[in-house]
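End of the sequence shown = 373 in our numbering, gap-free, step of one. Single-structure report; data block below.
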Amino acid sequence: MVNTMQKSGSGESITKDARIACNVSRVAGIRNVEMLITDEVPASIGHGSKRCTMLSGIAPDGAAVVIKAAISCDIGANEIENNISSYKLAEKLGVGCFFPRVVDYGKIPIVPKDTTGFGLDVLYPLDVVYLAMERAKTPFYRALGKVNSPDTVYDSLYTQLYSLYERTLQHDPRASLSFLEKRFDDLERYFGKHLPAAGLSGSEELGKVHLIRGLITPLRPKNVVLTTGGEIDVAHVFFSENGRLILIDPKPAKQMVGTPQTDLGIFATLAKTVYALKGGGYGYDKAKELARKAGRLQGIDERTSDLLFEVGEIRLLATSARFRVGVNDTQATLFSDMAKEKLNHVYYSLLERRS
Ligand SMILES: Nc1ncnc2c1ncn2[C@@H]1O[C@H](COP(=O)(O)OP(=O)(O)O)[C@@H](O)[C@H]1O
Ligand SMILES: [Mg+2]
């Protein structure tokens with residue numbers, strides 16, 4: 019029985035969610051399909067709207083699963099295809115164990131002018147696109163509260179991430195370049211558009227971003243690893259019952275291979291500064307250490323690893339500032355000031371290094 023009473027975005031989406039759930043439970047062989055109740059990271063602020071219907075259920079083999087589903091014409095369907103492409107890449111590289119086990123995925127046709135009683139009244143054939151996967155047990159931020167020393171949780175995460183990097187190291191200067199380009203496109207968007215629109219930054223900062231881009235690009239490593247896709251959201255890091263790292267909701271496969279230092283800068287800043295999680299200071303220092311260690315694996319020096327880590331920090335602080343405009347203006351200003359300070363630090367470090 020589908021529970022339609024859970025809190026959802028709007029009245030319309032409750033109905034849509036329930037209808038998608040009915041279609042999934044009819045065809046995918048998954049029992050006890052219900053709306054998934056997700057818990058939010060404390061202090062998080064929604065970055066965008068809900069795009070997929072999230073369900074829980076029981077697979078034919080008895081395993082607890084999460085099903086992510088969307089109607090094929092909705093943007094959520096792309097998100098699901100993206101997740102599937104990355105899980106396939108991870109399998110191919112022999113590191114599927116760092117992601118949720120994929121139980122099933124596919125498309126379920128919705129009959130036009132549905133007469134099945136579920137009434138998705140579409141005028142032309144559409145599908146429900148779905149991905150059924152292992153249900154990961156403990157979100158990272160919950161794990162921090164379950165142990166005496168949160169440091170051990172960061173240690174476990176970083177040890178496992180390093181193993182992911184080690185096992186996926188490959189020579190690919192082009193992937194390294196396109197990965198970095200994307201990071202700087204992001205920075206240019208924030209400092210060229212979003213922050214100036216809120217009066218939080220100006221042309222001087224954008225000029226620095228351009229210069230940093232030009233100076234860092236030639237320093238980039240030629241060796242890449244499977245990363246968390248350029249950013250890592252605390253809400254996407256889980257552990258299994260026996261402590262195995264499970265990374266959910268990855269970026270599309272083509273964005274996953276690159277340099278992990280920016281991802282780690284993002285994660286560390288989220289944990290320490292933005293969400294102020296338990297042990298965030300320790301988590302920050304150790305993330306920086308891991309960035310350097312990964313850098314050694316990739317053949318770059320410590321200073322370059324630090325700079326790439328800081329690029330991640332700047333990106334995260336800029337994003338956090340942007341999404342707090344009009345919601346918490348004091349924090350928006352605080353985070354944009356921190357982003358600008360970091361930007362200056364990277365800028366002057368690079369100028370010093372050049373001279
Ligand atoms: N495999 C999973 N195991 C446990 N929880 C999950 C799983 N997949 C998703 N979730 C929960 O659902 C939330 C939304 O899923 P996500 O894949 O991040 O969707 P979105 O594309 O909307 O960001 C996650 O933050 C997490 O709490
Ligand atoms: Mg997500």
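Note that the Cβ used here is the ideal one computed from N, Cα and C, for glycine as well.
Delimiting residues of the alpha helix (DSSP H) encompassing residue i
i, result
"residue 257", "Here residue 257 belongs to no alpha helix (DSSP H); instead the beta strand (DSSP E) covers 255-257."
"residue 52", "Per DSSP, residue 52 belongs to no alpha helix (DSSP H); it is in the beta strand (DSSP E), 49-53."
"residue 171", "169-185"
"residue 58", "Counting along the chain, residue 58 falls outside any alpha helix (DSSP H), and DSSP gives it neither H nor E."
"residue 198", "191-207"
Sub-9 Å separation of residue i and residue j beta-carbons
i, j, result
"residue 241", "residue 178", "no"
"residue 172", "residue 311", "no"
"residue 194", "residue 208", "no"
"residue 263", "residue 182", "yes"
"residue 202", "residue 273", "no"
"residue 84", "residue 150", "yes"
"residue 254", "residue 340", "no"
"residue 168", "residue 300", "yes"
"residue 108", "residue 244", "yes"
"residue 118", "residue 153", "yes"
"residue 224", "residue 246", "no"
Element boundaries [beta strand (DSSP E), containing residue i]
i, result
"residue 74", "71-76"
"residue 87", "82-89"
"residue 244", "241-244"
Option in the options with minimal Cα separation from residue i
i, options, result
"residue 94", "148, 253 and 194", "148"
"residue 206", "87, 236, 191 and 227", "227"
"residue 89", "34, 357 and 109", "34"
"residue 260", "115, 341, 348 and 46", "115"
"residue 348", "47, 161 and 216", "216"
"residue 162", "295, 346 and 204", "295"
Collapsed DSSP secondary structure at residue i in the structure displayed
i, result
"residue 145", "strand"
"residue 156", "strand"
"residue 128", "strand"
"residue 347", "helix"
"residue 21", "In this prediction, residue 21 has a pLDDT of 40, which is less than 50 and means its spatial position is unreliable; what the coordinates show is noted afterwards. Here residue 21 sits in coil by DSSP."
"residue 120", "strand"
"residue 218", "coil"
"residue 46", "coil"
"residue 96", "helix"
"residue 165", "coil"
"residue 336", "helix"
Could you tell me which whole alpha helix (DSSP H) segments of length 4 or greater appear in the stretch 250-324?
Those alpha helix (DSSP H) runs which fall completely within the stretch 250-324 and span 4+ residues are 279-287 and 298-316.
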